[in-house]
Each structure stands twice: as C-alpha cells, then as structure tokens.
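Going by our numbering, the sequence shown opens with residue 204, and the numbers climb by one from there. For glycine and all other residues, C-beta sits at the position ideal for the given N, C-alpha and C. For clarity, every value in this text was computed on a predicted model and none was experimentally measured.
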Amino acid sequence: MHTYSPGDVIFAKVNSLTSIETELPFSYYSLPYCQPKEGVKKSAENLGELLMGDQIDNSPYRFRMNVNESVYLCTTKPLSEHEVKLLKQRTHDLYQVNMILDNLPVMRYAKQNGIDIQWTGFPVGYTPQNSNDDYIINHLKFTVLVHEYEGSGVEIIGTGEEGLGVISEADKKKASGFEIVGFVVVPCSVKYDPDAMIKHQIYDNVSSVSCPLDLDKSQIIREQERISFTYEVEFVKSEIRWPSRWDAYLKMEGARVHWFSILNSLMVIFFLAGIVFVIFLRTVRRDLTRYEELDKEAQAQMNEELSGWKLVVGDVFREPDCSKLLCIMVGDGVQITGMAIVTIIFAAFGFMSPASRGMLLTGMILLYLFLGIVAGYVAVRMWRTIKGTSEGWRSVSWLVACFFPGIVFVILTILNFILWGSQSTGAIPISLYFVLLALWFCISVPLTLLGGFMGTRAEAIQYPVRTNQIPREIPARKLPSWVLVLGAGTLPFGTLFIELFFILSSIWLGRFYYVFGFLLIVLLLLVIVCAEVSVVLTYMHLCVEDWRWWWKAFFASGSVSIFVFLYSINYLVFDLQSLSGPVSAILYLGYSLIIAVAIMLSTGTIGFLTSFYFVHYLFSSVKID
C-alpha cells in the first residue's frame with residue numbers, strides 16, 4: 204500500500220498497445236509519442252508478463268498528489284509518411300493505450316447503444332462516421348480518485364492517567380496520507396497551434412480545454428502535421444478504500460446471466476450424474492450378486508450361456524496398442540490436472556491478485572515444472588503394471604518430460620516467427636527462449652526422471668485375473684465404437700462451455716477474469732463427470748465383449764477437447780468477428796490448439812485412471828477358478 208503526501212510526484216507507466224481486432228501487442232513508443240526526459244526505461248517484468256506480451260515502460264506523464272493542473276508535454280516533429288501510415292493503421296485496428304498509475308490501469312467510461320460500458324485504456328485515435336480522415340488523441344483529462352488515510356493510530360482520551368495518550372502532530376502527519384483508489388481518463392483530440400505551443404517547456408502550465416465536438420478543432424492525422432500533447436489532472440476525494448480499489452475492474456458484465464447459467468449447468472450435471480450413478484450401481488451390483496450366489500458348476504454353465512463382461516475375464520488386462528504412448532499421455536495428464544487444480548484453488552482463495560500482472564501464468568509454469576515428479580512416477584508405475592517389468596523406464600520418463608512441452612514448444616515457435624515478422628511485443632524474446640529451455644531441461648526433466656525412478660521402486664499394481672495367451676474374438680457391432688466415444692465428450696463439455704465463454708472473453712477481449720470460485724466448482728464437476736462418463740462407457744464396451752477398453756476409456760472423456768476446439772472456432776467466427784487478418788486468426792487457432800491438447804490430456808487421464816480402478820475392482824470382486 205502506497206500513501207502519498209500532498210505534492211508528492213508520481214509518474215504513470217505505459218504498457219503495450221493492444222487491440223481486440225488483431226491480438227498483436229505493440230510497444231507504446233512505436234508511435235510518435237512524447238518520451239520521458241531521462242529516456243525510455245523498461246520495468247522489470249516477470250515470466251508471465253513477458254509471455255503475455257506486456258512491455259511496461261516509464262512515461263513522461265507526471266502527477267503531483269492533490270495538485271490539479273493542466274500541463275504541456277511536447278510537440279512532435281512534422282509527421283513523416285511512415286508515421287502517418289502507422290498512426291492510421293493503429294487507429295483503424297482500434298488499438299488502445301494502456302496506462303498504469305500506482306499499479307492501477309487507466310479506465311474510461313463510454314456509452315454504447317445507450318448503455319454505460321467501462322474499458323481499460325483509451326484509443327490511439329478515432330475515425331468519425333461519414334469521414335475518411337483520422338484524428339489522434341492528444342489531450343487526456345485524468346481524474347485520480349484518492350482516499351485520505353488517517354493511519355492506524357488511535358486517540359485515547361479520558362481513561363485514567365495510564366491509558367491517556369494523544370498522538371503527536373508529527374506522528375499523525377507521518378501516519379496519514381492519500382491512497383490512489385481510482386484512475387479514470389476522458390480522451391480528446393484538440394488542434395493546437397504548433398508554433399505557439401513549441402515555445403513551452405515540458406510540464407509548463409497551459410490553459411484548460413474542453414473536448415471539442417467540431418472536427419475542424421480536432422487534431423487530424425496527416426503528413427507534415429506537428430502534434431502537441433497535453434493533459435489535465437483532477438484529484439477527487441473518494442470513499443473507496445484501498446482493499447476495494449480493484450472492484451470497479453473486476454465487475455463482471457451480465458453477472459446475473461453468469462450466475463443463472465452456472466446454476467443451470469450445476470443442476471443439469473447433478474441430475475445426469477445421479478442417473479448415471481444409479482444405473483451403474485444397480486446393474487453392476489445385480490450382476491455381481493447373481494454371479495456370486497451360484498456354485499462352481501452353475502457358474503461354468505452361466506459363463507457358457509451368458510454374454511457380457513464376465514466373458515472377457517481372460518483378456519481385459521491384455522496390453523493395449525501403443526502402451527508406451529498411453530503411459531506418457533497419462534503422466535502428462537496428471538501433471539496438467541495437478542497444475543490446474545492447485546492454481547485455481549490458490550486463485551479462488553485470493554492469492555493470485557490481478558494487481559500482480561503475469562502472476563497467474565508464472566505460478567502455472569512453476570507448478571507444472573515441479574509436478575514433473577508426479578508425472579514421472581505415475582507414467583512409470585503404469586508402464587510397470589502393463590509390462591510387468593521396469594525395463595525401459597528411462598525412455599518413458601524422458602518422453603513424459605518432452606511430450607506435452609514439446610508440442611507447446613513447436614506451436615509457440617511457429618507463432619513466434621509470425622509475431623517476429625509483425626514486429627509485435629507479443630513475440631517471445633530470444634533470451635526468454637533460453638530461460639524456458641533452461642527451466643525445462645534443468646528442473647522439469649530431472650524431476651520427471653526422479654519421479655520415474657521412484658515409480659520403479661513402488662509396488663506394481665497386481666492384476667486380479669490371468670490373461671489368456673490367445674486373444675478372444677470381439678463380436679461384430681452395428682455402430683463403430685468411436686461414435687460412442689466421441690458422443691461421450693458432449694457430457695463433460697456441457698459442464699464446461701458456459702465458463703469457457705467467459706474465459707475466452709477474458710483472454711481475447713481484454714477483460715479481467717476473476718470468478719475463480721465458479722471455475723473451481725466447474726472444475727470439480729468436470730472431474731466427476733469425466734470419471735463417470737468414462738466408467739459407464741468402459742462398462743458398456745465390456746458388456747458387448749469388447750476388451751479393448753484402455754484407449755476408449757481415455758478418449759471417452761478426452762474427446763471433450765474436440766468440442767472445446769470446435770467451440771473456439773465458433774467463438775472466432777461469431778464473437779470475434781472484428782478479428783482482422785490471417786495472422787490474428789492463426790495466432791488464435793494456435794493458442795486454442797494448445798488449450799485443447801492440454802484439456803484432452805487432463806480429462807482423458809481422469810477418465811482412464813477411474814476406469815482402470817473400476818475394471819480392477821470389478822474383476823477382483825468376481826470368484827475366478
């Protein structure tokens with residue numbers, strides 16, 4: 204918490220220019236704006252900020268606590284052809300300037316279709332209706348909301364000599380001060396006389412101006428124009444306290460819709476889960492009870508007469524195709540699921556404040572690295588269970604450490620070349636590439652190998668039944684089993700898609716996402732539904748004597764990722780209609796593909812592990828000679 208005395212100097216900072224049209228961030232100083240006296244200096248940024256394309260620089264915008272003033276900044280040189288082209292391009296692409304004061308992003312209020320909406324940032328310029336000219340925002344009217352802080356001292360008067368204590372004036376002055384609790388801007392375009400303005404020095408006081416409504420009094424963007432930049436500051440006392448200063452940013456638009464949709468989703472899911480659970484319990488219990496009540500001869504006769512899961516007893520634990528790949532994907536899925544659950548729990552309890560930019564992404568990456576030990580352990584233990592030996596555990600551990608990160612690395616590298624070509628600040632710097640590689644090979648890989656080694660020392664899971672030497676023939680079916688597997692993904696998607704809309708809006712429309720309590724509930728529901736869907740589908744396959752359940756159990760819940768990716772494309776077409784150009788669309792689809800792969804590995808692993816323990820329990824409950 205910062206408290207300022209009257210007259211204290213505070214400088215605003217500037218973040219990258221952003222647009223919901225292109226999703227390509229650019230440096231603030233890529234446009235001909237006024238620069239600070241001491242030159243441009245980058246702020247120290249964390250891993251998450253760098254990956255998100257944030258580039259926070261110092262700015263010449265100076266504020267003096269509780270001093271209302273109208274200030275001159277600078278006048279540019281005559282605009283060159285390249286600068287005009289760049290300014291017009293950024294204006295047409297709806298680029299926003301993102302300014303930060305005391306760690307609060309600047310906010311502006313606008314009316315759209317008669318509704319008040321709030322935005323973070325302000326536009327580079329604007330193009331009036333029925334006009335081919337573009338106008339630059341060169342005058343900013345700032346309103347800084349301040350709360351007077353009286354300090355933690357308490358005056359105690361009239362409680363006897365021992366308790367009598369009055370805070371001295373010096374202590375009171377030291378304890379009190381002003382906190383910045385709001386930062387609002389009204390952007391204007393004002394045409395100045397450059398010859399008159401250039402006589403001023405930076406921070407000279409100039410007369411206050413009202414935002415002109417006439418276009419001939421606004422500053423046009425064209426060659427050889429010299430643009431003067433000015434700003435006004437007004438400090439307004441506010442009742443908002445320091446802990447509540449982010450509330451204005453985190454207000455979700457359409458909160459009631461959000462609540463109702465989540466509640467509706469919860470009711471549907473509980474209803475479906477209840478039906479699934481009741482059917483499953485009744486069917487399995489009835490089968491087991493009937494089977495166990497018979498004597499051995501009757502059981503043998505029943506085995507001949509009945510079809511169903513009892514008949515695949517000698518094949519159910521037969522090694523699946525591509526068993527190594529399955530173990531690797533399950534290991535990575537455990538790592539991603541662990542990372543998601545821990546991150547969302549921390550965020551739901553308020554440890555990941557939006558004031559700490561990039562904290563969420565940094566936390567996720569570090570969690571992922573350290574959960575490599577769990578991934579290695581699970582993958583190698585599963586490998587030992589399937590193969591019956593620890594041989595080859597090193598290659599399994601290495602592949603677990605490289606499979607998902609490798610996919611992400613390849614996609615990010617392709618996208619990075621596109622961003623480098625566009626000269627965007629969203630491109631990952633070469634230095635950060637080496638940092639990520641170092642983290643990957645110096646933390647994640649060794650920990651995954653350590654986890655794999657621990658997996659070789661852990662007791663292998665013993666199968667309750669023996670596997671026959673000759674595989675049983677699988678009866679022909681009317682419909683291919685993958686139709687059922689794909690259809691099963693719709694149920695987990697039903698729990699997810701409403702929250703997915705809000706998450707996509709926060710990523711691509713620059714909104715703050717901070718309803719992690721909802722997200723935690725949805726995540727827990729998703730885990731339950733994935734487990735149940737996979738178990739029911741596995742049981743259905745075993746009932747029709749199909750013993751190849753391993754991959755089907757994985758993709759029964761993992762197929763939700765296909766619907767997530769299709770929904771992302773739907774969101775691109777119908778909700779991001781403004782997204783312009785193939786570069787923006789490729790970036791969007793690239794990031795959506797990474798999210799879809801992560802969801803597939805995570806949900807597939809939840810479904811597979813539940814099905815594995817269900818099949819193990821089911822066949823260990825049956826009396827076998």
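Whole-angstrom Cβ separation of PHE345 and TYR231, contact assumed at under 8 Å? Position 142 of the sequence shown, counting from 1, holds the residue named residue 345. Position 28 of the sequence shown, counting from 1, holds the residue named residue 231. The Cβ separation is near 17 Å, so there is no contact.
Just checking, does the stretch 243-252 make contact with the stretch 558-570 on the three C-beta pairs under 8 Å criterion? yes
Specify whether the stretch 807-827 and the stretch 251-266 touch according to this definition: at least 3 beta carbon pairs, one from each stretch, less than 8 Å apart. no
Going by the CB atoms, is the gap between ILE340 and GLY328 shorter than 8 Å? Position 125 of the sequence shown, counting from 1, holds the residue named residue 328. Position 137 of the sequence shown, counting from 1, holds the residue named residue 340. For GLY328 and ILE340, yes; Cβs fall inside 8 Å.
Taking one C-beta from the stretch 210-227 and one from the stretch 293-304 each time, how about it: are there three or more such pairs within less than 8 Å? yes
Per DSSP, which residues does GLU382 bridge with? Please list them. Counting from one through the sequence shown, the residue named residue 382 turns up at place 179. GLU382 pairs with HIS350.
Select from THR279, CYS414, VAL738 the residue whose C-alpha is nearest the C-alpha of VAL818. Sequence index remark: in the sequence shown, residue 818 carries index 615 (1-based). Of THR279, CYS414, VAL738, the residue nearest in Cα terms is VAL738.
Cβ pair GLY541, VAL577 closer than 8 Å: Walking along the sequence shown from the start, residue 541 turns up at place 338. Walking along the sequence shown from the start, residue 577 turns up at place 374. It is a contact, given that the beta carbons lie within the stated cut-off.
Could you tell me which residues DSSP puts in a beta bridge with HIS342? Residue mapping note: residue 342 aligns to position 139 of the sequence shown, counting from 1. Answer is CYS391, THR433, bridged to HIS342.
For the putative contact between MET310 and ALA215, defined by C-beta atoms under 8 Å, what is the C-beta separation to the nearest angstrom? Position 107 of the sequence shown holds residue 310. Position 12 of the sequence shown holds residue 215. Actually they do not touch by this definition, with Cβ atoms about 13 Å apart.
In whole angstroms, what separates the C-alpha of ILE548 from that of SER392? Position 345 of the sequence shown, counted from the first residue, corresponds to residue 548. Position 189 of the sequence shown, counted from the first residue, corresponds to residue 392. In a straight line, the C-alpha of ILE548 is about 46 Å away from that of SER392.
Per the DSSP calculation, TYR666 is bridged to which residue(s)? Along the sequence shown, one-based indexing puts residue 666 at 463. DSSP, once it has assigned bridges, lists no residue as partnering TYR666.
Are the Cβ atoms of ILE213 and LEU304 separated by less than 8 Å? Position 10 of the sequence shown, counting from 1, holds the residue named residue 213. Position 101 of the sequence shown, counting from 1, holds the residue named residue 304. Cβ atoms of ILE213 and LEU304: closer than 8 Å.
If distances are taken between C-alpha atoms only, which option among GLU272, ASP336, THR279 comes closest to LEU343? If you number the sequence shown from 1, residue 343 lands on position 140. Ranking GLU272, ASP336, THR279 by Cα distance to LEU343 puts GLU272 first.
By DSSP, does GLU272 sit in helix, in strand, or in coil? Counted from its first residue, the sequence shown places residue 272 at position 69. If DSSP states are grouped into helix, strand and coil, GLU272 belongs with the strands.
Assuming contact is defined by CB atoms lying nearer than 8 Å, are SER762 and LEU699 in contact in what I supplied? In the sequence shown, the residue the question calls residue 762 occupies position 559. In the sequence shown, the residue the question calls residue 699 occupies position 496. In this structure, LEU699 does not lie closer than 8 Å to SER762 by Cβ.
Tell me the DSSP secondary structure of CYS525 in three-state form. In the sequence shown, residue 525 corresponds to position 322, counting from 1. Three-state DSSP puts CYS525 in coil, outside helix and strand.
Simplified DSSP state of GLN538, which is helix, strand or coil: Taking the sequence shown and counting its residues from 1, one reaches residue 538 at position 335. Three-state DSSP puts GLN538 in a helix.
Per DSSP, what kind of secondary structure is CYS277 in: helix, strand or coil? Translated into positions along the sequence shown, residue 277 becomes position 74. Here CYS277 sits in strand by DSSP.
Alpha-carbon to alpha-carbon, HIS403 and PRO239: Within the sequence shown, the letter at position 36 stands for residue 239. Within the sequence shown, the letter at position 200 stands for residue 403. Their backbone Cα atoms lie some 16 Å apart in a straight line.
Alpha carbon to alpha carbon, what distance is there between PHE474 and LEU569? Residue mapping note: residue 569 aligns to position 366 of the sequence shown, counting from 1. Residue mapping note: residue 474 aligns to position 271 of the sequence shown, counting from 1. So the alpha carbons of these two residues sit roughly 37 Å apart.
Could you give the residue range of the alpha helix (DSSP H) that holds ARG587? Here residue 587 refers to the residue found at position 384 when the sequence shown is read from its first residue. 575-590 is the span of the alpha helix (DSSP H), which, as asked, contains ARG587.
If we count Cβ pairs, one from each stretch, closer than 8 Å, do we get three or more for the stretch 783-792 versus the stretch 518-533? no
Span of the alpha helix (DSSP H), counted from its first residue to its last, around MET743: As a position in the sequence shown, residue 743 is number 540, starting the count at 1. Residues 719-746.
Segment contact flag, the stretch 788-799 with the stretch 760-776, C-beta cutoff 8 Å, min 3 pairs: yes
Looking only at its own chain, which residues have a Cβ that is under 7 Å from the Cβ of VAL436, when we skip the five neighbours before and after it? What you label residue 436 is simply residue 233 of the sequence shown in a count that begins at 1. So the qualifying residues of the chain are PHE266, ASN271, GLU272, PHE345, VAL347.
Using the C-alpha atoms, what's the distance from GLU286 back to LEU726? Start at 1 with the first residue of the sequence shown, and residue 726 comes out as number 523. Start at 1 with the first residue of the sequence shown, and residue 286 comes out as number 83. Distance between the alpha carbons of LEU726 and GLU286 is about 48 Å.
Between the C-alpha atoms of ILE531 and TRP596, what's the straight-line distance to the nearest angstrom? Here residue 531 refers to the residue found at position 328 of the sequence shown. Here residue 596 refers to the residue found at position 393 of the sequence shown. Cα to Cα, the separation comes out at about 11 Å.
At which residues does the alpha helix (DSSP H) containing TRP711 begin and terminate? Locating residue 711 in the sequence shown gives position 508, where the first residue counts as 1. Element bounds for TRP711: 693-711.
Among LEU729, GLU241, ASN218, TYR352, which residue has its Cα nearest to the Cα of PHE325? Numbered from 1 along the sequence shown, position 122 holds the residue referred to as residue 325. Closest option to PHE325, Cα to Cα, is ASN218.
Can you pull the DSSP bridge partners for ARG265? Taking the first residue of the sequence shown as 1, we reach residue 265 at position 62. Answer is PHE214, bridged to ARG265.
Between the CA atoms of CYS237 and PHE438 - distance to the nearest angstrom: Taking the first residue of the sequence shown as 1, we reach residue 438 at position 235. Taking the first residue of the sequence shown as 1, we reach residue 237 at position 34. For PHE438 and CYS237, the distance between alpha carbons rounds to 23 Å.
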